[in-house]
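Chemist:
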Amino acid sequence: MRREGSPFQGLGAVFIKEMADHLGSARMRVLEWLIVFTAIAALYAAIQQLRATTAEDPFLLLSLFTTSRSPLPSFVAILGFLIPLMAIGLGFDAVNGEHNRRTMSRILSQPIYRDALLFGKFLAGLATLAVSLTALWLLVLGLGLLFLGIPPGGEEIARSLCFLVVAVAYAGVWLALAMLLSVIFRSPATAALVALGLWLFLTVLWPMLAPAAAQAIAPPDPRFTALGLPSPDTLEWQLALQRLSPSHLFAETVLALLSPTTRALGPIFLDQLEGAVMGTPLPLGQSLLIAWPQAVGLIAGAIILFAASYVAFQRQEVRT
Amino acid sequence: MTAPVVTAQALVRRYGDAVAVDGISFEVGRGEIFGLLGPNGAGKTTTILMMLGLTEVTGGSVRVLGHDPMREPLAVKRRVGYLPDQVGFYDNLSAAENLAYSGRLMGLDPAERARRTEEALARVRLGDVARKRVSTFSRGMRQRLGLAEILMKRAEIAILDEPTSGLDPQSTHEFLDMIRALKGEGVTIILSSHLLDQVQRVCDRVALFNAGRIALIGSVPELSRQVLGGGFAVDVEADVEGADMEKRLRAIPGVTQVERLAGDRYRILADHDVRPDAARAVVSANGALRQLAVDEPSLEAIYNRYFSAQARREEETRHAA
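For the record, the sequence lines run as chains X and E. Note that the first sequence covers residues 31 to 350 in my numbering. Note that the second sequence covers residues -17 to 303 in my numbering.
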C-alpha cells in the first residue's frame, strides 16, 4: 500500500523554521561562544608553539589544527570533545519539546507527513552545525594567515576541507543520537541527561574501559609480554572496542587527514613498512584511503541512529 | 440531513489490551455542528485522531470527505482543520509568525499566506496583537489563534477538541459565537466537550460517548424523548397550610407523577405543560406560590439520567451475579 503524496512535502518549511530557531536561540549563542573561546585559546597556544619551533613543516596550516601546548589540548581535540555538546544542545528537545509545547498535534494536522517534520529538524540541526563549523574553520584559516604569515597550499586546503566534512558527519552522529533520545523520552531534561551521560561515557570513560575489556576478552600472550610488546589479539580487540565510540573514529580520521605522515591507524608489522620512507607525507588520496573506513563508520552511525529515531517517531502516539 | 461528510462504521481502536474506541458508527452531515460528548477517557479524542489519520484504526472504517484518512492523510488534512485540546503555539514567535509557519506547511504561496494570515487574525479579533509574542497571550487568545489557523486553511470541516474548557465565561461566549459564524459559512463543525450546556447551545446533533461506545446519538429533543421519556417536568414550590398538596396536584389532568422533593417543593411529570393548572391548584388551596418552573429538556438532565440509570443497571447485574 503506497501513501499518497510526497513524504517531503513541508520539509522546506520545517527546515527554514527550525534553522531560524536554532540560529536565533540563546542556547546556540552560548554554545558558539564556548567553542569559539576555547578554540581561540587552543589556536593561540598552537601558534606560540609553532613560532618557537621554526617551521620546517610543509603543512604549517594543518599543524595549526593538531599542535598542542600543555596545558591546552589541540584544536581538533577540543572540537572532538565539544562538537557532541553542541549537537546534543541542538537536538535533545527536538521532538519532546513539540509535545510539551502542545504543538505536535497541531503541526501534524497540517498536510504534511511526520517524515517531513523529523527530517526537517535533523537537516536544520545539521545545517546549523555545518555553518558553525565552517565559521570556525575560516577562523583558523584567518588566524593562520595573520599570525604565521604563510598562505596555505592547495593540498592543505583540501585536507582541512575533508576534515570539515568529517567534523560535520561526527556532529551528525551526536545530533541523531540526541534526537533519538528526544523521541524516546517525554521529558527534555531526561533526554539531555541521558545524552550527556552517553557523551561523557563514550569520550572519557570508554577509552579507559576498552583496554581493560580487551584484556579480559583476549588475555595478553606471555611470549609478547616477556618481550615488552603488546599481544596482537589484545591490541586488535582493544582497537575494535575503542572504535565503537564515535569520538575515537573522529580522532582517527582527523589524524589520518591532518597529519599527512600517518601511514596506518592500527598495528602493522615491521615487514609491512619495508621500502617506506619514514616521515614523508602521503599524498591526499592515500590519506583518504586510510581515513575512509572511519569516515564511513561515522556517516553510517548517523544514518542508523536517525533511522532508529524515525521508526520510533512513526510508531509514537500523537497524544501526550 | 444532507450528504454525510464524515462516515464512521464500526470503528475500533485498541491500545494493546485496552479498547479506547469500541465499534462506533456515526455520520456527520455537511454544514451541521456535531457534538461529541462524554466523560474524559470515553474515546472522543481518539475518534478525532482517527478521523485525521493521526492514529491508526484497528478495525472498521472511517471516511472523511470521501477519503480514507489512513491512506490519503494529506488529502484529508488539506481540507480539515483541527484545534487540539489545549492547543500550543511557539511562544517565541508572534501570532502572525505562528500562522505564517502553518501557512507554509499548508503550501500557500507567500502573497496568499500574508493575505490569509491578516484576514484570519482580524476575524478572530487578534489583529491588534498580530506582532506580539504568543507567550503573552491568554488561554482564550490562544484558542482564538487556533481557530484563526482553521480559518486560514479555509477548512471544510473544523474539528474542535474541548475548545472552551478552561475559558472564562466571556471568552467562552465569544468563542461559541465564532463557531456559530463558522457554521453560517457552511463549515461542518465537529466539537468535543464535556461542558454540557455549551454543547447544547451550539450543537445540532450530539453523540454521547461512554467507555468507547456511542451510547446515544441525535438532536437534544430526540435524546430527551429517549432518555427522559418525553413529557414535561414542572417544579412547584408553594406554601400550603393544611391541604394535601400532593393529592391536589395529582388530580390535575395529564399529570402522571408527583414527587415531593423537599418540605414544600414538588416535581410534577405530565404529558403537557401543566403550569397554569398547577398555579390554579395552589391558589385555590389558599397557598402561597413561590416558584413555578418548567424544566427544559437539558442535556445535563439527559446525561445525568443516562449515567445514573446505567450505574443502576450495573449495580443490578453485580447483585444478580
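C-beta atoms are modelled at their ideal positions from N, C-alpha and C, and glycine is treated no differently. None of the values given here were measured: they were computed from a predicted structure.
What residue ranges within the segment 27 to 63 of chain E form continuous beta strand (DSSP E) runs of no fewer than 3 residues, ordered along the chain?
Modeler: Listed in chain order, they are 41 to 46.
Chemist: Among all the DSSP beta bridges, which residues are the ones paired with P(-14)/E?
Modeler: Its beta-bridge partners are G11/E.
Chemist: Considering only C-alpha positions, which residue in the set R81/X, L335/X, L235/X is nearest to L271/X?
Modeler: L271/X has its Cα closest to that of L235/X, out of R81/X, L335/X, L235/X.
Chemist: By the DSSP assignment, the beta strand (DSSP E) with T238/E in it spans what residues?
Modeler: Element bounds for T238/E: 237 to 244.
Chemist: In whole angstroms, what separates the C-alpha of L319/X from that of A286/X?
Modeler: When rounded, the distance between both Cα atoms is 9 Å.
Chemist: At a cut of 8 Å, does the segment 221 to 230 of chain E reach the segment 260 to 269 of chain E through at least three beta carbon pairs?
Modeler: Short answer: they touch.
Chemist: I want to see whether chain E comes within less than 8 Å of E48/X, judged by CB atoms only; does it?
Modeler: Cβ-Cβ to chain E under 8 Å: no for E48/X.
Chemist: Could you spell out where the alpha helix (DSSP H) holding V276/E opens and where it closes?
Modeler: Looking at the DSSP string, V276/E is not in any alpha helix (DSSP H); the run it does join, the beta strand (DSSP E), is 270 to 277.
Chemist: Assign S190/X to one of three DSSP states: helix, strand, or coil.
Modeler: Of the three classes helix, strand and coil, the one that applies to S190/X here is helix, per DSSP.
Chemist: Nearest-angstrom Cα distance between M58/X and H52/X?
Modeler: One C-alpha to the other measures close to 6 Å.
Chemist: Identify which residue in A72/X, A206/X, P252/X, S289/X has its Cα closest to the Cα of A107/X.
Modeler: Out of A72/X, A206/X, P252/X, S289/X, A72/X has the C-alpha closest to the C-alpha of A107/X.
Chemist: Check the Cβ of R60/E against every Cβ in chain X and list those closer than 7 Å, keeping chain order.
Modeler: The answer, in chain order, is P141.
Chemist: Could you tell me which whole alpha helix (DSSP H) segments of length 4 or greater appear in the segment 117 to 205 of chain X?
Modeler: Correct list: 126 to 130, 134 to 138, 144 to 178.
Chemist: Measure from the C-beta of L18/E to each C-beta in chain X and report whether the shortest distance is under 8 Å.
Modeler: So, not an interface residue.
Chemist: Would you call P313/X buried or exposed, if buried means 16 or more other Cβ atoms sit within 10 Å of its Cβ?
Modeler: The residue is exposed, with fewer than 16 neighbouring Cβ atoms inside 10 Å.
Chemist: For chain E, is any of its Cβ atoms less than 8 Å away from the one on T310/X?
Modeler: No, its Cβ sits nowhere closer than 8 Å to a Cβ of chain E.
Chemist: I want to know whether the segment 196 to 211 of chain X touches the segment 267 to 282 of chain X - three or more CB-CB distances under 8 Å.
Modeler: With the cut-off at 8 Å, the segment 196 to 211 of chain X and the segment 267 to 282 of chain X touch.
Chemist: Can you tell me which of the three DSSP states V234/X falls into?
Modeler: Helix at V234/X.
Chemist: Please check if any C-beta of chain E sits within less than 8 Å of the C-beta of R349/X.
Modeler: Judged by the 8 Å Cβ criterion, R349/X is in contact with chain E.
Chemist: By Cβ distance below 6 Å, which residues in the same chain neighbour E241/E in space, the five residues on each side in sequence not counted?
Modeler: Cβ neighbours of E241/E beyond the five flanking positions: R249.
Chemist: So, is the C-beta of F8/E closer than 8 Å to a C-beta in chain X?
Modeler: Not one chain X Cβ lies under 8 Å of F8/E.
Chemist: What's the gap between the Cα of R293/X and the Cα of T264/X?
Modeler: Cα to Cα, the separation comes out at about 21 Å.
Chemist: Looking at the C-beta of E282/X, does it have a partner C-beta in chain E at a distance below 8 Å?
Modeler: Cβ-Cβ to chain E under 8 Å: no for E282/X.
Chemist: Is the beta carbon of S339/X closer than 8 Å to that of A222/X?
Modeler: Taking 8 Å as the Cβ cut-off, A222/X and S339/X do not qualify as a contacting pair.
Chemist: Does A76/X have its Cβ less than 8 Å from a Cβ in chain E?
Modeler: No, its Cβ sits nowhere closer than 8 Å to a Cβ of chain E.
Chemist: Anything in chain E within Cβ reach of R57/X, meaning under 9 Å, just list it in chain order.
Modeler: Near R57/X there are no residues of chain E at all, since even the closest Cβ is about 12 Å away, more than 9 Å.
Chemist: How many angstroms separate the CA atom of F254/X from the CA atom of W267/X?
Modeler: Rounded to whole angstroms, F254/X to W267/X spans 16 Å at the Cα level.
Chemist: Name the chain X residues whose beta carbon is nearer than 9 Å to that of M32/E?
Modeler: What M32/E touches in chain X: nothing, since even the nearest Cβ is about 11 Å away.
Chemist: Should P279/E go down as buried or exposed, given a rule of 16 or more other Cβ atoms within 10 Å for buried?
Modeler: Buried: at least 16 other Cβ atoms inside 10 Å.
Chemist: Just to confirm my understanding: we take A342/X, look at its own chain, exclude 5 residues before and 5 after, and list those with CB closer than 8 Å. What are they?
Modeler: Closer than 8 Å at Cβ, skipping near neighbours: L210, V213, I214.
Chemist: When Cβ atoms are compared, which residues of the segment 74 to 93 of chain E fall closer than 8 Å to chain X?
Modeler: Of all residues in the segment 74 to 93 of chain E, N74, Y83, S84, R86, L87, M88, G89 have a Cβ within less than 8 Å of some Cβ in chain X.
Chemist: What does S217/X touch in chain E if you count any residue whose Cβ is under 8 Å from its own?
Modeler: Within 8 Å Cβ-Cβ: nothing; S217/X doesn't reach chain E, min ~16 Å.
Chemist: Please classify G25/E: is it buried, with 16 or more other beta-carbons within 10 angstroms of its beta-carbon, or exposed?
Modeler: Buried is the call here.
Chemist: Is the segment 96 to 108 of chain E in contact with the segment 125 to 141 of chain E, if contact means three or more CB pairs nearer than 8 Å?
Modeler: They touch, by the three-pair rule.
Chemist: So, for Q140/X: in the same chain, excluding its five sequence neighbours on each side, which residues have a beta-carbon less than 8 Å away from its beta-carbon?
Modeler: Result list for Q140/X: G40, in chain order.
Chemist: Can you tell me which residues form a DSSP beta bridge with N192/E?
Modeler: Note: N192/E sits in a beta bridge opposite R195/E.
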